[in-house]
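Sequence lines, in order, name chains A and B. Each step along the first sequence adds one to the number in our numbering, with nothing skipped, and position 301 is 301. When you read off a place in the second sequence, starting at 1, and then add 1000, the result is the number in our numbering. Backbone N, C-alpha and C fix where the C-beta goes; we use that ideal spot for every residue, glycine too.
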Amino acid sequence: MTHARQVIIIGSGPAGLTAALYASRANLSPLVIEGIEAGGQLMLTTMVENWPGFRDGIMGPDLMTELRAQALRFGAEIVQGDVASIDLSERPFRLRVGDDTYTADALILATGASARWLELGVDRQLSGRGVSTCATCDGFFFRGRRVAVVGGGDTALEEAIYLSKLASDVVLVHRRAELRGSKVMQDKVKALPNIRFVWNAEVVGINDVAKGEVTSMVLRDTLSGATTEEPIDGIFIAIGHTPNTRLVQGQVDLLDNGYIRTHHGSRTSVPGVFAAGDVQDHVYRQAVTAAGSGCMAAIDAERFLSGTGH
Amino acid sequence: MASDKVKTFTDATFATDTSKGLVLVDFWAEWCAPCRRLAPVVDQIADQYAGRLTVAKMDIDKHSQTPAQFMIRGIPTLLLFKDGKVVDTIVGLVDKADLSRTIDKHL
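Next comes the structure, spelled out in structure tokens:
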């Protein structure tokens, strides 16, 4: 069945839902297609302490529940499901979701970014068997066990702090000799007695695929090239995110680093297609900047539609 | 809304509950945000495959033996059993179309 809409928003993180809020208040009856990772990255966080207006912080999933309800209150429609394909070759744009086809006069891409894996092959095979990209999801299984966290940014530090309360030992493996994370987080991590650092090291192997569980990791010293094997029960990967652009590759211009290129606010290389949030932001990547860019995309889409006679 | 066709499995009766036919078990916990996202998909599958597939949930906070036995180290994890044997495992989120395809292979 084909459904015709004025504005379709793909993604339901802070960018997508803020775009939905603004577009619905502009009487554009937006449709949000949630995607498989509905609610976005904040759904996997605990306390968010830097969302303006909440001096004591707010839980990430609670914030997304509120944002969703706020968008619905003004008439946005939200459907579950993952977009299978998009055709931007002519307007209206066409999207396929399961057995349904949607057309949109304007499209807002807010597909966000997903956790990056090590790309060793074995890390994917052992996903759910001791390799994870989400400490708040899977830390439970490592009570009293030894775990590693790979990465040196704020996400890695947050994961290490969370895991230090559950695991007996946390080994933080970082490619460089210093952390990239914020000073506040660094101080918190360094004060915890059961977090140990391995500097200038890369994970080059994880055992044991045959057993179907994690038993050890192989580390390579980035300075000497020497490799060592370290027994471990779980590995949490926090080495950043990759923008979710698969649906529009070859159809909108991307930057060299894979993010969608935007100009004059949220415009992409295709008139009528706008982008917001982490899929186009490789610099700030904050919930509040994502929400701000979602607002921009909705306003840009509204002006685009009014300029083309809608 | 939760489907009334989804059963709740326990450690005590897990082996007998999964011993016959095709059984899909969703391992989850209250604190697991991705599990909450997956729940409506599992509900829809239970409705769609009623009579052909048993669909059940297991709360890993209340029942730890079974997840340990199947070496589950992350949730959500879906295990598909056929006559007592694991025939497919899905770790993490999955959309309804992909889950249907996995189930259809074993029907």
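For the stretch 1079–1098 of chain B, which residues have a CB atom closer than 8 Å to at least one CB atom of chain A, in sequence order?
Thr1089, Val1091, Gly1092, Leu1093, Val1094, Asp1095, Lys1096, Ala1097
Any residues in the stretch 66–88 of chain A with a beta carbon nearer than 9 Å to a beta carbon of chain B? Which ones, in chain order?
Gln80, Gly81, Asp82, Ala84
Contact criterion: CB-CB distance below 9 Å. Does B/Thr1077 meet it with respect to chain A?
On the second sequence, residue 1077 of chain B is found 77 positions in, with the first residue counted as 1. For B/Thr1077, the answer is yes, since a Cβ of chain A falls inside 9 Å of its Cβ.
Is it buried or exposed, A/His174, if we count other Cβ atoms within 10 angstroms and call 16 or more buried?
Residue 174 of chain A sits at position 174 when you count from the first residue of the first sequence. The residue is buried, with at least 16 neighbouring Cβ atoms inside 10 Å.
Determine, using beta-carbon pairs with one atom in the stretch 156–165 of chain A and one in the stretch 1097–1107 of chain B, whether at least three such pairs fall under 8 Å.
no
Considering Cα atoms alone, identify which of B/Gly1074, B/Val1091, B/Val1087 is closest to B/Trp1031.
On the second sequence, position 31 is the one that residue 1031 of chain B refers to. That would be B/Gly1074, whose Cα lies nearest to the Cα of B/Trp1031.
How many Å lie between A/Phe74 and A/Arg94 at the Cα?
Reading the first sequence from its first residue, position 74 is the one you call residue 74 of chain A. Reading the first sequence from its first residue, position 94 is the one you call residue 94 of chain A. For A/Phe74 and A/Arg94, the distance between alpha carbons rounds to 25 Å.
Write down every uninterrupted run of the beta strand (DSSP E) in the stretch 1021–1061 of chain B whose length is 3 residues or greater and which is fully enclosed by it, in chain order.
1022–1028, 1054–1059
Cβ neighbour criterion (16 or more within 10 Å) applied to A/Thr334:
Because chain A spans 1 through 310 in this model, residue 334 of chain A falls outside it and cannot be assessed.
Does the distance from the C-beta atom of A/Ala298 to that of A/Ala19 stay below 9 Å?
Sequence index remark: in the first sequence, residue 298 of chain A carries index 298 (1-based). Sequence index remark: in the first sequence, residue 19 of chain A carries index 19 (1-based). Less than 9 Å separates the beta-carbon of A/Ala298 from that of A/Ala19.
Contact list for the stretch 21–49 of chain A against chain B, Cβ threshold 8 Å:
Of all residues in the stretch 21–49 of chain A, Ile36, Glu37, Ala38, Gly39, Met43, Leu44 have a Cβ within less than 8 Å of some Cβ in chain B.
Could you please tell me which residues of the stretch 137–163 of chain A, in chain order, have their CB closer than 9 Å to any CB of chain B?
Cys137, Asp138, Phe140, Phe141, Phe142
Rounded to the nearest angstrom, what separates A/Leu72 and A/Leu63 at their Cα positions?
Numbered from its first residue, the first sequence carries residue 72 of chain A at position 72. Numbered from its first residue, the first sequence carries residue 63 of chain A at position 63. Their Cα atoms are separated by approximately 14 Å.
So, A/Leu247 versus A/Ser24, is the Cβ gap smaller than 9 Å?
What you label residue 247 of chain A is simply residue 247 of the first sequence in a count that begins at 1. What you label residue 24 of chain A is simply residue 24 of the first sequence in a count that begins at 1. No.
Going by DSSP, what residue range makes up the beta strand (DSSP E) through A/Glu77?
One-based indexing of the first sequence puts residue 77 of chain A at position 77. Run containing A/Glu77: 77–79, per the beta strand (DSSP E) assignment.
DSSP-derived helix/strand/coil call for A/Phe54
Your numbering for residue 54 of chain A matches position 54 in the first sequence. Three-state result, A/Phe54: coil.
Listing by chain order, which chain B residues have their CB less than 9 Å from the CB of A/Arg129?
Residue mapping note: residue 129 of chain A aligns to position 129 of the first sequence, counting from 1. The answer, in chain order, is Met1071, Ile1072, Arg1073, Gly1074, Val1091.
Start and end residues, alpha helix (DSSP H) containing A/Glu159:
Mapped onto the first sequence, residue 159 of chain A falls at position 159. It spans 154–164 - the alpha helix (DSSP H) in which A/Glu159 sits, taken as one unbroken run.
Measure from the alpha carbon of A/Ser114 to the alpha carbon of each residue in A/Pro243, A/Ile260, A/Met217, then state which is nearest.
For the purposes of this step, residue 114 of chain A is taken as residue 114 along the first sequence, with counting starting at 1. Ranking the options by Cα distance to A/Ser114, first place goes to A/Pro243.
Under DSSP, the alpha helix (DSSP H) around A/Ser24 begins and ends at which residues?
For the purposes of this step, residue 24 of chain A is taken as residue 24 along the first sequence, with counting starting at 1. Counting along the chain, the alpha helix (DSSP H) containing A/Ser24 begins and ends at 14–25.
How long is the line joining the alpha carbons of A/Gln41 and A/Arg55, rounded to whole angstroms?
As a working mapping, residue 41 of chain A is identified with position 41 in the first sequence. As a working mapping, residue 55 of chain A is identified with position 55 in the first sequence. Answer to the nearest angstrom: the Cα atoms are 21 Å apart.
Runs of 3 residues minimum, wholly inside the stretch 221–277 of chain A: which ones carry the beta strand (DSSP E) assignment?
227–231, 234–237, 241–243, 273–275
Residue closest to A/Pro30, alpha-carbon to alpha-carbon, out of A/Ala76, A/His3, A/Gly152:
In the first sequence, the residue the question calls residue 30 of chain A occupies position 30. Nearest option by C-alpha distance: A/Ala76.
Between which two residues does the beta strand (DSSP E) containing A/Glu213 stretch?
Stepping through the first sequence from its first residue, residue 213 of chain A is reached at position 213. Taken as a continuous stretch (DSSP letters only), A/Glu213 belongs to no beta strand (DSSP E), as it is neither H nor E.
For a test of the three-state rule: what should DSSP assign to B/Asp1088, helix, strand or coil?
Here residue 1088 of chain B refers to the residue found at position 88 of the second sequence. Of the three classes helix, strand and coil, the one that applies to B/Asp1088 here is strand, per DSSP.
Spell out a yes or no on whether the stretch 120–139 of chain A and the stretch 1082–1093 of chain B are touching, meaning 3 or more CB-CB pairs, one atom from each, closer than 8 Å.
yes
Is A/Pro61 close to chain B? Criterion is C-beta to C-beta, closer than 9 Å.
Position 61 of the first sequence holds residue 61 of chain A. Yes, A/Pro61 counts as interfacial toward chain B.
Return no unless some Cβ of chain A is closer than 9 Å to the Cβ of B/Trp1025.
On the second sequence, position 25 is the one that residue 1025 of chain B refers to. With the sequence shown as reference, residue 1025 of chain B is identified as Val, and Trp is not the correct amino acid for it. Cβ-Cβ to chain A under 9 Å: no for B/Val1025.
Smallest Cα separation from B/Thr1066: which of B/Leu1038, B/Arg1037, B/Val1086?
Translated into the one-based positions of the second sequence, residue 1066 of chain B becomes position 66. Restricting attention to B/Leu1038, B/Arg1037, B/Val1086, the CA atom closest to the CA of B/Thr1066 is found in B/Val1086.
Quick check: the stretch 4–18 of chain A against the stretch 97–109 of chain A, are there 3 or more CB pairs under 8 Å?
yes
Is it buried or exposed, A/Val203, if we count other Cβ atoms within 10 angstroms and call 16 or more buried?
As a first step, residue 203 of chain A must be located in the first sequence, where it is residue number 203. Buried, since its Cβ has 16 or more Cβ neighbours within 10 Å.
Residues in the same chain with beta-carbon distance under 8 Å from A/Leu305, minus the five sequence neighbours each way, listed in chain order, please.
The count along the first sequence starts at 1 and reaches residue 305 of chain A at position 305. Taken in chain order, the residues that qualify are Gln6, Val7, Leu28, Asp105, Ala106.
Have a look at B/Trp1109 and A/Leu163 and give me their C-alpha separation to the nearest angstrom.
Residue 1109 of chain B is absent from the model: chain B starts at 1001 and stops at 1107.
Out of curiosity, what's the CA-to-CA distance linking B/Leu1038 and A/Ser224?
Counted from its first residue, the second sequence places residue 1038 of chain B at position 38. Counted from its first residue, the first sequence places residue 224 of chain A at position 224. Whole-angstrom Cα-Cα distance: 45 Å.
Could you tell me the boundaries of the beta strand (DSSP E) in which A/Asp328 lies?
No answer is possible for residue 328 of chain A: it lies beyond the span of chain A, which begins at 1 and ends at 310.
Proximity below 9 Å, CB of A/Met337 to CB of A/Ser269:
Because chain A is modelled from 1 through 310, residue 337 of chain A falls outside the range shown and cannot be assessed.
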